[in-house]
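In the numbering used here, the protein residues as written are 1447 to 1548.
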């Protein structure tokens, strides 16, 4: 899933940043197979289903909840991941990489 505005290096950097925030390793073979953001969210949701957000992820979600005026993103951070939280982080991480590449 390399967004049109990103080259492969930008994509790799975005996945590495995502791994750091989420505290999970995304094998390169799996990352290369993601055809859409939804597929990435599905993959991550299955891997993170019984885990709680890392401190970095929780801090990012609190910031997103505030900046997007979406308090739901910041709720339940002491529980397990919710799909909308994973999707928000993916969107944010790839938008940041896309902006840096411009």
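Backbone N, C-alpha and C define an ideal beta-carbon position, used for all residues, glycine too.
Closest to residue 1523 by C-alpha separation, out of 1470, 1508 and 1462, would be which residue? On the chain shown, residue 1523 is found 77 positions in, with the first residue counted as 1. Here the closest residue by C-alpha is 1508.
With burial defined as no fewer than 16 other Cβ atoms inside 10 Å of the residue's Cβ, what is the status of residue 1531: buried or exposed? Counting from 1 along the chain shown, the entry for residue 1531 is found at position 85. Of the other Cβ atoms in all chains shown, 16 or more fall within 10 Å of the Cβ of residue 1531; this residue is therefore buried.
Please give the ranges of any alpha helix (DSSP H) in the stretch 1472-1530, keeping only runs that are unbroken, at least 4 residues long and fully inside the region. Within the stretch 1472-1530, the runs of alpha helix (DSSP H) at least 4 residues long that lie entirely inside it are, in chain order, 1474-1479, 1483-1494 and 1501-1513.
Consult DSSP for residue 1453 and reduce its assignment to one of helix, strand or coil. Residue 1453 sits at position 7 when you count from the first residue of the chain shown. Residue state for residue 1453 is assigned as coil, using DSSP reduced to three classes.
Excluding the five sequence neighbours on either side, which residues of its own chain have a C-beta within less than 7 Å of the C-beta of residue 1520, listed in chain order? Your numbering for residue 1520 matches position 74 in the chain shown. If we look at residue 1520 and ignore the five residues flanking it on each side, its Cβ neighbours are 1507, 1508 and 1511.
If you compare alpha carbons, which of 1535, 1487 and 1528 is closest to residue 1497? Working through the chain shown from its first residue, we reach residue 1497 at position 51. Taking only the C-alpha atoms, the option nearest residue 1497 is 1528.
By DSSP, does residue 1535 sit in helix, in strand, or in coil? Here residue 1535 refers to the residue found at position 89 of the chain shown. Helix, per DSSP.
Measuring alpha carbon to alpha carbon, tell me which of 1503, 1483 and 1477 ends up nearest residue 1455. By 1-based counting over the chain shown, the position of residue 1455 is 9. Taking each of 1503, 1483 and 1477 in turn and checking the Cα distance to residue 1455, the smallest one comes out for 1477.
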